[in-house]
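Engineer: Take the sequence shown: its letters are residues -3 to 335, numbered as in my numbering. Virtual Cβ for every residue (Gly too), placed ideally from N, Cα, C.
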Amino acid sequence: MTRLRSVQKFLQLGCHRRSVCPDFVEITNRYSPFNRYPSSMINSGPDSGLSSGPDSKIVFLGTGTSEGVPRVSCLTNPDSDCPVCPDAIKPGSPNRRRNTSLLVQRQLADGRTSNIVIDAGKFFYESAMQWFPQFDVRTIDALLITHGHADAVGGFDDLRDWTNNAQEQLPIYLRQKDLDSVESLFFYLVDRNRQTGGGGVAKLDFRTIDASPLEIDGLAFTPLPVQHGRNYEIFGYRFGDVSYVSDASEISDETANLIAGSDLLVLDALRPARTHGTHFTVEEAVDQVRRLKPKRTLLTDATHDIDHVPLNTELANLKDTEGLDIQYAHDGLAIEIEL
């Protein structure tokens, strides 16, 4: 209850403005305390330069921090007072969280389905086992990386299942310094001549990028440089009117300008109250929403300090008091968009 009370107090102190909410349409989200979302929430618009299509969606393959939820140490501790981890092992619990990862799925004019994945961390293969069959994902057209930490690249070895059995090779877009991190972890993936085992090694096509906008499988992405701790810059990405910032502790004014006008912002919010050197807290994330003014925000990268349903119920109060549409996403959440 201490975690929830800290957020309740913050919301009571912070809810001092009121604004008129736009028109709403119904979108199904079985874990949300409300199911009304802005009708214009994530349309790319006629001037975006992107091909429009109603059959596009994003799917949250993972919404948890590096360790995931539940923690084994909570499950095996007879004196643990953690309510979230025991709930997370129940079938269908929104508190079950793998490493942050996103699927961008589009139905193209030629009839092909495009599947672009952002990040493949330590829990990626488990996420794919659950969600890829549900969303008819057979192949991955491209993998886009935010940074070189294990929660973003730790699942690279498992990519062999796709390149050995479903597709010839897999393009991976990442910065040179992140490729250097991958090489230190998986030297045999970067240079396949150095493999020593007898198993098949993933055929990965590494393509280095910088902060310039890029196009992947016909979709434009704009890198969003953010700080993930002191002196460590990583990328979020904007595509259409969606801005995805899964790990951040600071957003510069320059990047804020790139995010401006987003219909949907996906934002890092690690835990309530206690500050962290490399991530936003819930309170800091809400302040960023006030600053960036997206139409809708979905929070991600949560620890076991986040109890999904009670905290979303509290966050829902911000819609009435400030017109802020903020909720935590959960693994498997799918949102229809136009790109």
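Tell me the DSSP bridge mates of V238?
Structural biologist: Translated into positions along the sequence shown, residue 238 becomes position 242. Note: V238 sits in a beta bridge opposite F235, L260.
Engineer: Is it the case that the Cβ atoms of G94 and F119 are separated by a distance below 8 Å?
Structural biologist: Taking the sequence shown and counting its residues from 1, one reaches residue 94 at position 98. Taking the sequence shown and counting its residues from 1, one reaches residue 119 at position 123. Correcting the residue type first, residue 94 is Arg in the shown sequence and not Gly. Their beta carbons are under 8 Å apart, which means R94 touches F119 by this criterion.
Engineer: Quick check for students: name the residue ranges of the beta strand (DSSP E) that lie wholly in the region 280 to 327, counting only runs of 3 or more.
Structural biologist: Runs found: 292 to 296, 322 to 324.
Engineer: Buried or exposed: A323, going by 16 or more other Cβ atoms within 10 Å of its Cβ?
Structural biologist: Mapped onto the sequence shown, residue 323 falls at position 327. In the sequence under discussion, the amino acid at residue 323 is Gln, which differs from the Ala named in the question. When all chains shown are included, Q323 counts as buried.
Engineer: Is DSSP giving N111 helix, strand or coil here?
Structural biologist: Here residue 111 is taken as the residue at index 115 of the sequence shown, counted from 1. Strand, per DSSP.
Engineer: Which of the three DSSP states, helix, strand or coil, is assigned to K86?
Structural biologist: For the purposes of this step, residue 86 is taken as the residue at position 90 of the sequence shown. In the structure shown, K86 sits in coil (DSSP, three-state: anything other than H, G, I, E or B).
Engineer: Pick out whichever of L263, L311, E246 has its Cα sitting closest to the Cα of V238.
Structural biologist: The count along the sequence shown starts at 1 and reaches residue 238 at position 242. Of the candidates L263, L311, E246, the one whose C-alpha sits nearest the C-alpha of V238 is L263.
Engineer: Measuring straight from C-alpha to C-alpha, what distance separates D174 and H143?
Structural biologist: Here residue 174 is taken as the residue at index 178 of the sequence shown, counted from 1. Here residue 143 is taken as the residue at index 147 of the sequence shown, counted from 1. Between D174 and H143, the C-alpha separation is close to 6 Å.
Engineer: Cutting at 6 Å between CB atoms, please list the residues of its own chain near V16, excluding the five before and the five after it.
Structural biologist: In the sequence shown, residue 16 corresponds to position 20, counting from 1. The predicted model places V16 with a pLDDT of 29, which falls under 50 and marks its position as unreliable, so this point remains unresolved.
Engineer: Give me, in chain order, the residues of the same chain whose beta-carbon lies closer than 6 Å to that of F217; leave out the 5 immediate sequence neighbours on both sides.
Structural biologist: Start at 1 with the first residue of the sequence shown, and residue 217 comes out as number 221. L210, Y233, F235, listed in sequence order.
Engineer: Name the two residues that bound the continuous beta strand (DSSP E) containing E332.
Structural biologist: Position 336 of the sequence shown, counted from the start, is the residue given in the question as residue 332. Taken as a continuous stretch (DSSP letters only), the beta strand (DSSP E) holding E332 covers 330 to 333.
Engineer: Measuring alpha carbon to alpha carbon, tell me which residue in Y228, W127, D249, L98 is nearest A273.
Structural biologist: Translated into the one-based positions of the sequence shown, residue 273 becomes position 277. Reading the sequence as shown, one finds Gly at residue 273 and not Ala. If we check each option's Cα against that of G273, Y228 comes out closest.
Engineer: Please report how far the alpha carbon of P66 lies from the alpha carbon of G150, in whole angstroms.
Structural biologist: As a working note, residue 66 is residue 70 in the sequence shown. As a working note, residue 150 is residue 154 in the sequence shown. For P66 and G150, the distance between alpha carbons rounds to 18 Å.
Engineer: Is the region 94 to 113 in contact with the region 196 to 204, if contact means three or more CB pairs nearer than 8 Å?
Structural biologist: No, the region 94 to 113 is not in contact with the region 196 to 204.
Engineer: When burial is assigned at 16 or more other CB atoms within 10 Å of the CB, is S242 buried or exposed?
Structural biologist: Sequence index remark: in the sequence shown, residue 242 carries index 246 (1-based). So S242 counts as buried.
Engineer: My understanding is that A281 touches L295, with C-beta atoms under 8 Å, so please give their C-beta distance in whole angstroms.
Structural biologist: Taking the first residue of the sequence shown as position 1, residue 281 is located at position 285. Taking the first residue of the sequence shown as position 1, residue 295 is located at position 299. With a Cβ gap of about 6 Å, A281 and L295 count as contacting.
Engineer: On a CA-only basis, which of L99, S97, G60 is nearest V80? Give me that one, please.
Structural biologist: Indexing the sequence shown from 1 puts residue 80 at position 84. Answer by Cα proximity: G60.
Engineer: Considering just the uninterrupted stretch of the alpha helix (DSSP H) at D174, what are its terminal residues?
Structural biologist: Translated into the one-based positions of the sequence shown, residue 174 becomes position 178. Start and end: 172 to 181.
Engineer: Decide if Q284 is buried, meaning its Cβ has at least 16 other Cβ atoms within 10 Å, or exposed.
Structural biologist: If you number the sequence shown from 1, residue 284 lands on position 288. With 16 or more Cβ atoms within 10 Å of its Cβ, Q284 is classed as buried.
Engineer: Kindly indicate which three-state DSSP category V100 falls into: helix, strand or coil?
Structural biologist: Taking the sequence shown and counting its residues from 1, one reaches residue 100 at position 104. Looking at V100 - three-state DSSP - the assignment turns out to be strand.
Engineer: Kindly list the residues whose CB is nearer than 6 Å to the CB of F131, restricted to its own chain and excluding five residues on each side of it in sequence; keep chain order.
Structural biologist: Taking the first residue of the sequence shown as 1, we reach residue 131 at position 135. Only V55 meet the Cβ criterion.
Engineer: Using three-state DSSP, classify N189 as helix, strand or coil.
Structural biologist: For this step, residue 189 is matched to residue 193 along the sequence shown. If DSSP states are grouped into helix, strand and coil, N189 belongs with the helices.
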